[in-house]
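Chemist:
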Amino acid sequence: MNLRKLLVGLAAIGLAAGAGAIVVRQGGLTHAAGTNAAADGGADAADESRVTVRTVRPKKDPNFRIFNEQVAVVEPFYQAGVRARACGVVRAVPKEIGESVRAGELLVEIDSPDLVADVEQKEAVIRQRRQELRVSRALLKLAEAAVETAKSAVAQRQAECKQADATRDYKHSYLEQVSGLLADKTIPAVVVYQHKMDYLASEAACEAAREAIHKAKADQLEKQASLEAARADVDLKAAHVEVAVKDRDVAAAKADFARLTAPFDGVITKRSVDPGMFVQNATTGPTEALVTLARIDLVTVVMKLPDAAAPYISLDTDVEVSFLDRPELKLHGRVTRFSPVIDGQDKNMRVEVDVFNGPRSEFEQFLSQTYAEVIAPLGPGNGIGAAAAALAADRHRQLFHKGVSENLAVCPEVATGSRARPIVPGMTARMKVYLDRVSAAYLLPASAVYASGGLNYILLVQNGRTRQVPVRVQVNDGRMAKVALLPRPGEMGAGFRDLTGAEEVVLSRQLEVGDGVRVKTVPGDW
0 MNLRKLLVGL AAIGLAAGAG AIVVRQGGLT HAAGTNAAAD GGADAADESR
50 VTVRTVRPKK DPNFRIFNEQ VAVVEPFYQA GVRARACGVV RAVPKEIGES
100 VRAGELLVEI DSPDLVADVE QKEAVIRQRR QELRVSRALL KLAEAAVETA
150 KSAVAQRQAE CKQADATRDY KHSYLEQVSG LLADKTIPAV VVYQHKMDYL
200 ASEAACEAAR EAIHKAKADQ LEKQASLEAA RADVDLKAAH VEVAVKDRDV
250 AAAKADFARL TAPFDGVITK RSVDPGMFVQ NATTGPTEAL VTLARIDLVT
300 VVMKLPDAAA PYISLDTDVE VSFLDRPELK LHGRVTRFSP VIDGQDKNMR
350 VEVDVFNGPR SEFEQFLSQT YAEVIAPLGP GNGIGAAAAA LAADRHRQLF
400 HKGVSENLAV CPEVATGSRA RPIVPGMTAR MKVYLDRVSA AYLLPASAVY
450 ASGGLNYILL VQNGRTRQVP VRVQVNDGRM AKVALLPRPG EMGAGFRDLT
500 GAEEVVLSRQ LEVGDGVRVK TVPGDW
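Here it is in structure tokens:
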């Protein structure tokens with residue numbers, strides 16, 4: 000009985016202990032669950048306190064094409080206002096507005112009789128100078144003959160000197176013989192004396208002959224100097240003739256100023272003079288162009304590119320051109336030429352695209368001529384055919400190119416069913432320039448760049464907080480932008496650095512979010 004009570008008591012104690020353990024364990028579980036719930040509630044509250052922002056990372060993609068689109072103007076390929084360089088009454092104006100002219104064709108003729116008379120006077124001076132030259136050449140021949148005569152005289156005097164020396168030697172030998180006979184008293188002394196005098200006379204003759212040689216040589220030098228003077232006089236007279244010819248050419252050139260001719264093939268676009276009008280010399284004061292000539296078989300579309308996009312332009316830059324008055328025309332090509340400097344007044348760069356203003360068939364002929372121009376230097380280096388090809392290539396280069404290093408003109412595409420009409424200079428167009436070299440850099444959507452206080456910024460996310468960083472906008476076409484990071488005020492270093500692609504950039508609502516704010520990011524793909 001007691002044993003049963005003991006066992007029952009032990010069982011009751013064990014059940015109580017088990018129940019306590021369960022309660023404790025359950026309490027522990029309950030306590031742990033409450034702690035985790037509190038922690039989760041705190042994290043949720045912290046996350047809810049953060050601002051949710053959408054972010055992007057810079058991308059480098061060759062398919063990205065930043066462009067700059069500006070209003071452009073159509074200009075003639077060539078345009079010149081022809082002005083008078085001679086004064087007088089207009090005699091004839093054979094061309095009217097809208098008529099085509101060829102290079103060298105007469106546009107305006109001015110009556111200037113004084114210029115014609117001046118040319119005739121110069122012609123008379125030329126004839127006078129040529130006669131003087133003829134006289135000088137005749138005197139030159141006389142001087143040359145006198146030199147030859149002097150040479151002969153020197154040779155003659157030298158021969159006479161030899162003859163005198165031989166005579167003296169003979170007489171000296173005879174005198175010695177006679178002197179021997181006098182010693183033998185064969186002949187009287189008077190005979191010896193006579194032969195001695197004769198010998199002395201022969202010696203004097205030798206001296207005279209030598210002096211005659213010196214005189215003949217002096218005469219020869221004199222004649223040689225006269226010959227040099229005659230030659231110099233001939234050169235002088237020839238120079239006088241050349242000067243007279245140059246004067247005549249100047250006068251003829253001034254007389255040609257009275258005939259105004261076309262400097263290139265084109266069309267008359269303006270005429271402000273009629274026969275009978277008096278015109279002034281344009282070199283003495285400002286005057287109006289008498290005739291304006293333009294070449295419109297080729298036209299040039301000109302745009303002003305902002306300075307921010309100027310470093311990314313090249314002859315490989317693709318362009319698209321549309322005409323506001325000709326929506327059926329579309330043009331795709333490359334930049335023909337561009338200015339290497341930025342205009343200091345408007346901070347823009349001039350960009351040009353040459354457009355072939357004619358039917359497609361003529362454009363294909365233009366291309367074939369261009370290819371022939373390229374191939375011509377590769378042909379035979381000599382021969383008439385090669386020379387003719389070189390001349391043709393040079394002519395084609397002058398007609399269709401303004402410079403050496405430039406792209407070919409392009410032909411616009413006409414929409415199907417549209418009537419082909421020429422492009423009229425003065426039309427307004429829009430040119431879209433694709434800045435292809437930007438594709439090698441990291442780009443951002445244009446909305447990621449915002450302005451504040453006159454400066455440009457992007458809002459970076461670093462360690463969960465926003466950081467406003469000043470940037471320099473290098474290119475922005477409204478869709479994408481290329482920027483460079485600038486140092487913030489107080490930061491060490493100077494200059495700017497490009498994006499690396501690792502930056503996390505807030506895409507929108509930057510001013511609303513603010514700088515130094517804890518945010519929750521939602522990465523976006525663009």
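Under numbering that gives the first Met the number 0, the residues of the sequence shown are numbered 0 to 525, in order.
Idealized CB from N, CA, C, for every residue including glycine.
Keep in mind that this is a model prediction, so the values were computed, not measured.
For residue 68, write down the residues that DSSP places opposite it in a beta bridge.
Modeler: Its beta-bridge partners are 431.
Chemist: Within the chosen definition, does the region 402-414 reach the region 51-64 through at least 3 CB pairs nearer than 8 angstroms?
Modeler: They do not touch, by the three-pair rule.
Chemist: Mind the definition here: the region 281-296 touches the region 315-332 only if three or more C-beta pairs lie below 8 angstroms; say whether that holds.
Modeler: At 8 angstroms Cβ cutoff, the stretches do not touch.
Chemist: Using DSSP with H/G/I as helix, E/B as strand and the rest coil, what is residue 344?
Modeler: DSSP places residue 344 in coil when its eight states are reduced to three.
Chemist: Using CA coordinates, which residue listed in 334, 311, 68 and 469 is at the minimum distance from residue 405?
Modeler: That would be 334, whose Cα lies nearest to the Cα of residue 405.
Chemist: Should residue 96 go down as buried or exposed, given a rule of 16 or more other Cβ atoms within 10 Å for buried?
Modeler: Residue 96 comes out exposed.
Chemist: Determine which residues share a DSSP beta bridge with residue 462 and list them.
Modeler: None; residue 462 has no bridge partner.
Chemist: Return yes when the Cβ of residue 109 is within less than 9 angstroms of the Cβ of residue 481, no when it is not.
Modeler: It is not a contact, given that the beta carbons lie outside the stated cut-off.
Chemist: Please classify residue 463 as buried or exposed, where buried requires at least 16 other C-beta atoms within 10 Å of its C-beta.
Modeler: Under this definition residue 463 is an exposed residue.
Chemist: With a threshold of 16 other CB atoms inside 10 Å of the CB of residue 133, please say whether the residue is buried or exposed.
Modeler: Looking at its Cβ environment, which holds fewer than 16 other Cβ atoms inside 10 Å, residue 133 is exposed.
Chemist: Is the beta carbon of residue 454 sitting closer than 9 angstroms to the one on residue 498?
Modeler: No, these two residues do not count as a Cβ contact at 9 angstroms.
Chemist: DSSP three-state label for residue 441, please.
Modeler: Coil, per DSSP.
Chemist: Give me the DSSP bridge partner(s) of residue 117.
Modeler: In the DSSP output, where bridge partners are listed per residue, residue 117 has none listed.
Chemist: Determine whether the beta carbon atoms of residue 298 and residue 73 lie at a separation below 9 angstroms.
Modeler: In this structure, residue 73 lies closer than 9 angstroms to residue 298 by Cβ.
Chemist: From which residue to which residue does the beta strand (DSSP E) around residue 295 run?
Modeler: 290-305 is the extent of the beta strand (DSSP E) around residue 295.
Chemist: For residue 470, which residues in the same chain have their Cβ closer than 7 angstroms to its Cβ, ignoring the five residues on either side in sequence?
Modeler: Cβ neighbours of residue 470 beyond the five flanking positions: 448, 455, 456, 457, 482, 483, 484 and 485.
Chemist: Quick check: the Cα distance between residue 150 and residue 215, rounded to an integer number of angstroms?
Modeler: Approximately 8 angstroms between the Cα atoms of the pair.
Chemist: Hey, residue 76 and residue 295: beta-carbon distance below 9 angstroms or not?
Modeler: Closer than 9 angstroms, so yes.
Chemist: Using the three-state DSSP reduction, which class does residue 128 fall into: helix, strand or coil?
Modeler: Helix at residue 128.
Chemist: According to DSSP, is residue 512 helix, strand or coil?
Modeler: Reduced to three states, the DSSP call for residue 512 is helix.
Chemist: Who are the near neighbours of residue 511 in its chain, counting only those whose CB is closer than 8 angstroms to its CB and skipping five residues on each side?
Modeler: If we look at residue 511 and ignore the five residues flanking it on each side, it has no Cβ neighbours.
Chemist: Should residue 104 and residue 260 be called a contact, given that it needs their Cβ atoms to be closer than 9 angstroms?
Modeler: Against a cut-off of 9 angstroms, the Cβ pair of residue 260 and residue 104 comes out as a contact.
Chemist: Does the count of Cβ pairs from the region 195-202 and the region 85-100 closer than 8 angstroms reach three?
Modeler: Flag = no, the region 195-202 and the region 85-100 do not touch.
Chemist: Kindly indicate the opening and closing residues of the beta strand (DSSP E) around residue 267.
Modeler: Segment 265-270, the beta strand (DSSP E) holding residue 267.
Chemist: Of all the options 101, 71, 428 and 62, which has the alpha carbon lying nearest to the alpha carbon of residue 263?
Modeler: The shortest C-alpha separation from residue 263 is found at 101.
Chemist: From residue 465 to residue 521, what distance separates their C-alpha atoms?
Modeler: The straight-line gap from Cα to Cα measures roughly 14 angstroms.
Chemist: How would you write the range of the alpha helix (DSSP H) that residue 451 sits in, first residue to last?
Modeler: It is not in any alpha helix (DSSP H) - residue 451 instead sits in the beta strand (DSSP E) that spans 449-451.
Chemist: Classify residue 62: buried if its beta carbon has 16 or more other beta carbons within 10 angstroms, exposed otherwise.
Modeler: Residue 62 should be labelled exposed.
Chemist: Tell me which same chain residues have a C-beta within less than 6 angstroms of the C-beta of residue 128, skipping the five on either side of it?
Modeler: The residues are 239, 240 and 243.
Chemist: Count the CB pairs spanning the region 250-257 and the region 106-126 that are closer than 8 angstroms, and state whether there are at least three.
Modeler: Yes, the region 250-257 touches the region 106-126.
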